[in-house]
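Just so you know, the sequences run in chain order A and B.
0 is the number of the first residue of the first sequence in numbering that gives the first Met the number 0; add one for each residue after it.
0 is the number of the first residue of the second sequence in numbering that gives the first Met the number 0; add one for each residue after it.
Glycine is no exception: its CB is placed at the ideal position from the N, C-alpha and C atoms.
Below is one structure, written out as structure tokens; the observations come after it.
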Amino acid sequence: MSVAETDANADAQRPSDMPVALAETPLRRFLSDYFASWIATLALALLLLIACLALLAPLLAPQNPYNLAEVDILDSRLPPGSMGMAGYRYWLGTDGAGRDLVSAILYGLRISLMVGAVSCLIATVIGATVGLTAAYAGGRTESLLMRLVDLQLSLPAILIALMLIAVLGKGVDKVIIALVTVQWAYYARTVRGTALAELNKEYVEAARCLGFSHPRIMFKQILPNCLPPLIVVATIQAAHAIALEATLSFLGVGLPRTEPSLGLLISNGFEYMLSGKYWISFIPGVVLLITVMAINLVGDQLRDVLNPRLKR
Amino acid sequence: MTAYLLRRLMQTILVIVLMSVIVFFGVHVIGDPVWLLVNPQMDQRDIDAAVRALGLDRPIWEQYLHFVSGALRGDLGRSFIFGEPALGVILQRMPATLELAVAALVMAVVVGIPLGLYAGLKPDHPLSKAIMAGSIVGFSLPTFWVGLMLIMVFAVMLGWLPSTGRGPTATFLGVTSSMFTIEGLRHLLLPALNLALLKISLVIRLTRAGARESMQQDYIKFARAKGLTHSRIVRVHLLKNILIPVVTVLGLEFGNLIAFSVVTETIFAWPGMGKLLIGAIQTLDRPVIVAHLIVIVLLFVVINLVVDILYTVLDPRVRVVGQAR
Numbered sequence: 000m001s002v003a004e005t006d007a008n009a010d011a012q013r014p015s016d017m018p019v020a021l022a023e024t025p026l027r028r029f030l031s032d033y034f035a036s037w038i039a040t041l042a043l044a045l046l047l048l049i050a051c052l053a054l055l056a057p058l059l060a061p062q063n064p065y066n067l068a069e070v071d072i073l074d075s076r077l078p079p080g081s082m083g084m085a086g087y088r089y090w091l092g093t094d095g096a097g098r099d100l101v102s103a104i105l106y107g108l109r110i111s112l113m114v115g116a117v118s119c120l121i122a123t124v125i126g127a128t129v130g131l132t133a134a135y136a137g138g139r140t141e142s143l144l145m146r147l148v149d150l151q152l153s154l155p156a157i158l159i160a161l162m163l164i165a166v167l168g169k170g171v172d173k174v175i176i177a178l179v180t181v182q183w184a185y186y187a188r189t190v191r192g193t194a195l196a197e198l199n200k201e202y203v204e205a206a207r208c209l210g211f212s213h214p215r216i217m218f219k220q221i222l223p224n225c226l227p228p229l230i231v232v233a234t235i236q237a238a239h240a241i242a243l244e245a246t247l248s249f250l251g252v253g254l255p256r257t258e259p260s261l262g263l264l265i266s267n268g269f270e271y272m273l274s275g276k277y278w279i280s281f282i283p284g285v286v287l288l289i290t291v292m293a294i295n296l297v298g299d300q301l302r303d304v305l306n307p308r309l310k311r
Numbered sequence: 000m001t002a003y004l005l006r007r008l009m010q011t012i013l014v015i016v017l018m019s020v021i022v023f024f025g026v027h028v029i030g031d032p033v034w035l036l037v038n039p040q041m042d043q044r045d046i047d048a049a050v051r052a053l054g055l056d057r058p059i060w061e062q063y064l065h066f067v068s069g070a071l072r073g074d075l076g077r078s079f080i081f082g083e084p085a086l087g088v089i090l091q092r093m094p095a096t097l098e099l100a101v102a103a104l105v106m107a108v109v110v111g112i113p114l115g116l117y118a119g120l121k122p123d124h125p126l127s128k129a130i131m132a133g134s135i136v137g138f139s140l141p142t143f144w145v146g147l148m149l150i151m152v153f154a155v156m157l158g159w160l161p162s163t164g165r166g167p168t169a170t171f172l173g174v175t176s177s178m179f180t181i182e183g184l185r186h187l188l189l190p191a192l193n194l195a196l197l198k199i200s201l202v203i204r205l206t207r208a209g210a211r212e213s214m215q216q217d218y219i220k221f222a223r224a225k226g227l228t229h230s231r232i233v234r235v236h237l238l239k240n241i242l243i244p245v246v247t248v249l250g251l252e253f254g255n256l257i258a259f260s261v262v263t264e265t266i267f268a269w270p271g272m273g274k275l276l277i278g279a280i281q282t283l284d285r286p287v288i289v290a291h292l293i294v295i296v297l298l299f300v301v302i303n304l305v306v307d308i309l310y311t312v313l314d315p316r317v318r319v320v321g322q323a324r
């Protein structure tokens, strides 16, 4: 979701760069506010680059690291920059099974981002629906739903995730379920807070007078006005989801070996670290770090730009 | 206050019951632990005997009732792997985990408050900006990766500190801990730092925000007008007011530290509860998983309860609101 959105933003940015004074629209104001910070601009560019690398991994990677015919075990644990048996250079070295780390990281990035984005999307949908329903219905429904949210948020994410994994077992779908369960409450709380404020506005009253159905008022009238804080939360939570998935995979209770995310690559390299072969863990870790930090920086800037209290 | 306490207690009990149901049924519906435990060469009669011995042939609700009645007597079942009472196995490892969490908490306070105070008092100084940038990095760094890097730098490259395990323990004032031996401290330093890093960033941000806000307040202006020295204003007047939110948040974070020690313990082979849980998940040692989660949830809600009460005691303004509720 965030990928498509940032793509659209990058396209729409061009007109605002033109020297000609254009009529100020909310989008243009948003863009010029966003790009006022060079760190945030850099982070967004980096994020787009990472997303492209992940999407195009099969085209860009020198080898398919999970095709055994292309991997040579004799090349295992080579330091960065070594020449391999197949005649090309391993710029980032190879791991314990002789896979080229550049390729392994590109494929790993793909899985990490996919799991993060999918869980984030599902959590957004569930959380927004719950939050909207709570705000709109009020009364007992609201207090029940919000009690559930409080309960969820009072326990640490990793504990809930581990509990679920212990119950459900390993697998991509199980990890996504765990991540969604951990995250939906943040969205629910955010959307409810915003929706409560929106409910008192005239346009909602007008929609009611027009006899619109409840779902229509909730999703077509109120929800679009709750989007700014929702987007901010979604960005920050996407970073959390990616980090949490990596942590679970590192602990050996996340993704299975057949779906090697960045966390699993780092975990694979752990056993070689004590013998000084640092790159097998270190480099995937740096990639993970850059990804998470870029998302966090974009989220921080979005929060500042979209926060009505900080409007200039 | 009493009514508030009672209500909080009821909520706490409800949470624990709910968790025990979810965890127990979840763990028992999925996966059949018999096949992990019996020897594949055993014949059907031996397997049946093993199933009966473990109580796995009963209907699931009966197993749950048996579990609850046991739990109330402090018996959470026997570990399939260790053959010992699950609660005993966990309690044995609890001191190591608590030690790690306490050490991390102390580090967070000792490092975080001075840095946060500096960044709050001199917001434009380059060093303050560096501190804040550092805290952003601290938030973004995945705990497990930092652990690996600490091992790489301090244990492998520099060889200063040991990378795995817990050092020898000594008993001081009735507390047995590895904090009281030099070798124990050497073992403790890296894992505690790893666990503390996120909390240090948190404390820096909280302290800085508190300092910046409080410096604008009238009581600070008044203290200045009285002619007090800057250091006295900071130490006595400012710090006391900043400490309330920091103490509260840190109290709540203590439970988080215990939960997150799972990661640190796995990396540093620290013989605590977290490492036990990961092992139990991988071997499907159901009694240990269930008992561990119950113990953690118990620990967690008790911490939340205590912090809530402490908060109302510490800050008179909250007490009024607490009574009104």
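Sorted by chain position, which residues of the same chain lie with C-beta nearer than 6 Å to B/A102's C-beta, five sequence neighbours on each side aside? Within the second sequence, residue 102 of chain B is the residue found at index 103, counting from 1. If we look at B/A102 and ignore the five residues flanking it on each side, its Cβ neighbours are L187 and A191.
With A/L158 and B/A224 assumed to form a contact (beta carbons below 8 Å), what rounded beta-carbon distance in angstroms separates them? Within the first sequence, residue 158 of chain A is the residue found at index 159, counting from 1. Within the second sequence, residue 224 of chain B is the residue found at index 225, counting from 1. Contact flag wrong, Cβ pair sits at about 50 Å.
A/Q236 lies in the alpha helix (DSSP H); which residues open and close that run? For the purposes of this step, residue 236 of chain A is identified with residue 237 of the first sequence, where counting begins at 1. Run containing A/Q236: L222 to F249, per the alpha helix (DSSP H) assignment.
By alpha-carbon positions, which one of A/I282, A/I294 and A/L108 ends up nearest to B/A145? Position 146 of the second sequence, counting from 1, holds the residue named residue 145 of chain B. The amino acid at residue 145 of chain B is misidentified as Ala; the sequence shows Val. Measuring from the Cα of B/V145, the nearest candidate turns out to be A/I282.
Please report how far the alpha carbon of B/I277 lies from the alpha carbon of B/V261, in whole angstroms. The residue given as residue 277 of chain B occupies position 278 in the second sequence. The residue given as residue 261 of chain B occupies position 262 in the second sequence. Straight-line Cα distance between these residues: approximately 8 Å.
Are the region 137-151 of chain A and the region 244-260 of chain A touching, with three or more C-beta to C-beta distances below 8 Å? no
In terms of residues, what are the limits of the alpha helix (DSSP H) holding B/W144? Sequence index remark: in the second sequence, residue 144 of chain B carries index 145 (1-based). Looking at the DSSP string, the run of the alpha helix (DSSP H) that includes B/W144 is T142 to L149.
Applying the 10 Å Cβ sphere with the 16-neighbour rule, what's the burial state of A/W317? A question about residue 317 of chain A goes unanswered here, because the residues of chain A that appear run from 0 up to 311.
Cα-Cα separation, A/C312 to A/T180: Here chain A comprises residues numbered 0 to 311, so residue 312 of chain A is not present and cannot be evaluated.
Near-chain A residues of the region 200-214 of chain B - C-beta to any C-beta below 9 Å: none
Out of B/V305, B/I295, B/A210 and B/G226, which has the shortest C-alpha to C-alpha gap to B/L90? Position 91 of the second sequence, counted from the first residue, corresponds to residue 90 of chain B. The candidate whose alpha carbon is nearest that of B/L90 is B/I295.
Keeping to the same chain, check which residues put their C-beta closer than 7 Å to that of A/A237; ignore five residues upstream and five downstream. Taking the first residue of the first sequence as 1, we reach residue 237 of chain A at position 238. Answer for A/A237: S1, G115, A116, C119 and I294, listed in chain order.
Check whether the region 210-219 of chain A and the region 111-122 of chain B are in contact - that is, three or more C-beta pairs closer than 8 Å. no
Under 9 Å (Cβ pairs) to chain B, residues found in the region 264-281 of chain A: I265, S266, G268, F269, M272, L273, S274, G275, Y277, S280 and F281
Can you tell me where the alpha helix (DSSP H) holding B/L157 begins and where it ends? Sequence index remark: in the second sequence, residue 157 of chain B carries index 158 (1-based). That residue, B/L157, is in no alpha helix (DSSP H); it is neither H nor E in DSSP.
How should B/F299 be labelled, buried or exposed, when 16 other C-beta atoms within 10 angstroms of its C-beta is the threshold for buried? Looking up residue 299 of chain B in the second sequence gives position 300. Buried, by the Cβ-count rule.
Using a beta-carbon distance below 7 Å, is B/S260 in contact with chain A? In the second sequence, the residue the question calls residue 260 of chain B occupies position 261. With 7 Å as the cut-off, B/S260 does not count as an interface residue toward chain A.
Near A/L147, which residues of its chain fall below 8 Å by C-beta distance, leaving aside the five closest residues on each side in sequence? Taking the first sequence and counting its residues from 1, the one referred to as residue 147 of chain A is at position 148. Cβ neighbours of A/L147 beyond the five flanking positions: A184.
Quick one: does A/N295 have its CB under 7 Å from some CB of chain B? Counting from 1 along the first sequence, the entry for residue 295 of chain A is found at position 296. Chain B contact via Cβ: present.
Does A/P25 come out as helix, strand or coil in the three-state DSSP assignment? Locating residue 25 of chain A in the first sequence gives position 26, counting from the first residue. Helix.
Same chain only: Cβ atoms within 6 Å of B/R6, ignoring 5 sequence neighbours per side: Locating residue 6 of chain B in the second sequence gives position 7, where the first residue counts as 1. Excluding positions up to five away in sequence, the list is empty.
Proximity test, Cβ basis, 7 Å: A/G115 and chain B: Numbered from 1 along the first sequence, position 116 holds the residue referred to as residue 115 of chain A. By this cut-off, A/G115 is not an interface position.
With DSSP as the reference, label B/V320 as helix, strand or coil. Residue 320 of chain B sits at position 321 when you count from the first residue of the second sequence. Its pLDDT being 48, under 50, B/V320 is placed unreliably by the model, and nothing is read from it.
Return the residue from the list A/T123, A/C225 and A/L273 that minimises the CA-CA distance to A/L306. Taking the first sequence and counting its residues from 1, one reaches residue 306 of chain A at position 307. Residue identity check: residue 306 of chain A is Asn in the sequence provided, not Leu. Among A/T123, A/C225 and A/L273, the Cα nearest to that of A/N306 is on A/C225.
Which word fits A/E270, buried or exposed, when buried means at least 16 other C-beta atoms lie within 10 angstroms of its C-beta? Reading the first sequence from its first residue, position 271 is the one you call residue 270 of chain A. Exposed, because fewer than 16 other Cβ atoms sit within 10 Å of the Cβ of A/E270.
Can you list, in chain order, the residues of its chain with a C-beta nearer than 7 Å to that of B/V306? Leave out the 5 residues immediately preceding and following it. The residue you call residue 306 of chain B lines up with position 307 of the second sequence. Answer for B/V306: T247, G250 and L251, listed in chain order.
Apply the 10 Å Cβ neighbour rule to B/W269 and answer buried if 16 or more other Cβ atoms are within range, or exposed otherwise. The sequence position of residue 269 of chain B within the second sequence is 270, counting from 1. Result: buried.
Would you give the residue range spanned by the alpha helix (DSSP H) that B/H186 belongs to? Along the second sequence, one-based indexing puts residue 186 of chain B at 187. I181 to M214 is the extent of the alpha helix (DSSP H) around B/H186.
Below 8 Å on the Cβ atoms is my contact criterion, and I expect A/L167 with A/L105 to pass it. Report the Cβ-Cβ distance as a whole number of Å. Working through the first sequence from its first residue, we reach residue 167 of chain A at position 168. Working through the first sequence from its first residue, we reach residue 105 of chain A at position 106. That pair is no contact at about 29 Å.
Any residues in the region 273-295 of chain B with a beta carbon nearer than 7 Å to a beta carbon of chain A? Which ones, in chain order? L276, I277, I280, Q281, I288, L292 and I295
Relative to the C-alpha of B/H236, which candidate in B/N255, B/M214, B/L256 and B/P244 has its C-alpha closest? Against the second sequence, residue 236 of chain B aligns to sequence position 237. Taking only the C-alpha atoms, the option nearest B/H236 is B/M214.
Can you tell me the Cα-Cα spacing of A/A127 and A/A134, whole angstroms? Start at 1 with the first residue of the first sequence, and residue 127 of chain A comes out as number 128. Start at 1 with the first residue of the first sequence, and residue 134 of chain A comes out as number 135. So the alpha carbons of these two residues sit roughly 10 Å apart.
For A/D99, list the residues DSSP reports as bridge partners. Locating residue 99 of chain A in the first sequence gives position 100, counting from the first residue. The partner list for A/D99 (beta bridge, DSSP) reads A/T93.
When you compare the CB of B/V320 with every CB in chain A, is at least one pair closer than 7 Å? The count along the second sequence starts at 1 and reaches residue 320 of chain B at position 321. In this prediction, B/V320 scores a pLDDT of 48, lower than 50, which makes its location untrustworthy; the coordinate-derived value is nonetheless stated afterwards. Not one chain A Cβ lies under 7 Å of B/V320.
Taking B/H124 as part of the alpha helix (DSSP H), name the residues at either end of that continuous run. In the second sequence, the residue the question calls residue 124 of chain B occupies position 125. Segment: none, B/H124 is in no alpha helix (DSSP H) and carries neither H nor E.
Assign B/P84 to one of three DSSP states: helix, strand, or coil. Residue 84 of chain B sits at position 85 when you count from the first residue of the second sequence. Reduced to three states, the DSSP call for B/P84 is strand.
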